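Worksheet for the structure shown next.
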Amino acid sequence: MQPARKNTTWRTILRWTFRVLIFQLVLINIAAAFHAHRLTHFYTDKAVYEQQGSSGSIFLRTWRLMTGKRLARTPIQYTPPTAYETLAFQLKNGKKISAWYIPADSAVGTVILVHGLGSNKGHPLNEASEFRVMGYNTLLIDLRAHGESEGKAFSIGYKESEEIKLAYDHLRAKGEKNIIFWGMSVGAVVMTKAIADYDLKPEKLILEMPFGSLQDHLR
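Be aware that the sequence shown starts at 388, since it is given in this note's numbering, and climbs by one per residue.
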């Protein structure tokens, strides 16, 4: 009887070990889903800017660790130093996209500039100034859920190609033929996808730190 009892004990241990491992795996996947959601959503409510990750009870801190921190939208800190026009493009879902158009004297073309993840149209102003010195108008865009554009959800480039098409069509409607694309990180990805999705034909394409997959971007 002793060996049979011993075998039963080991089976019980293995069964509970397996259950614990499955439970942990489920928790890890739930946490991953929460963090993925947090990574692609940006908020503007006051509570997000005031949240403290290390404060609260142990339960609250553990919950924050598992579900991730809500990301605050980066406010625009810089505006163009020269005269500019604020534009608004409307997406198919009704949300509006904000953009700045900065004209140059005797312009030879227009450069569309797009920021990276979590940034806004104020960040590539230095690059825009350099293009303006070279004689180019510039059009700086806030991707959805960034800067002054509407929306909270961001698809890491899958849907945002629509923003590029709207900007491109706006310039073409004004008679602009020499259109150049400049994109940083996610902005670079969005631009290349827009070219593929809508058969856009910029005269030049300038990409800084593009990535081929979300996994590459997060490394």
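C-beta atoms are modelled at their ideal positions from N, C-alpha and C, and glycine is treated no differently. Everything numeric in this text was worked out from a predicted model, so none of it was measured.
- DSSP, read as helix, strand or coil, puts Met-571 in strand.
- Residue range 496–501 is occupied by the beta strand (DSSP E) that includes Val-501.
- Ile-499 and Ile-417 have their alpha carbons spaced roughly 39 Å apart.
- Here the alpha carbon of Ile-551 sits roughly 8 Å from the alpha carbon of Val-577.
- Phe-476 is positioned such that its CB atom lies closer than 8 Å to that of Ile-484.
- When beta bridges are read from the DSSP output, Asn-394 appears opposite no residue.
- Excluding five sequence positions before and after Ala-554, the CB atoms of its chain that fall closer than 6 Å to its own CB belong to Ile-499, Leu-526 and Ile-528, given in chain order.
- Here DSSP, grouped into helix, strand and coil, assigns Phe-476 to strand.
- Of the residues Thr-431, Lys-546, Glu-514 and Tyr-465, the one whose Cα lies closest to the Cα of Asn-480 is Lys-546.
- In the DSSP annotation of this structure, Lys-456 is not part of any beta strand (DSSP E), being labelled neither H nor E.
- Under DSSP, Phe-429 shares a beta bridge with Leu-458.
- Around the beta carbon of Ile-415, a 10 Å sphere encloses fewer than 16 other beta carbons of the protein chains shown; the residue is thus reported as exposed.
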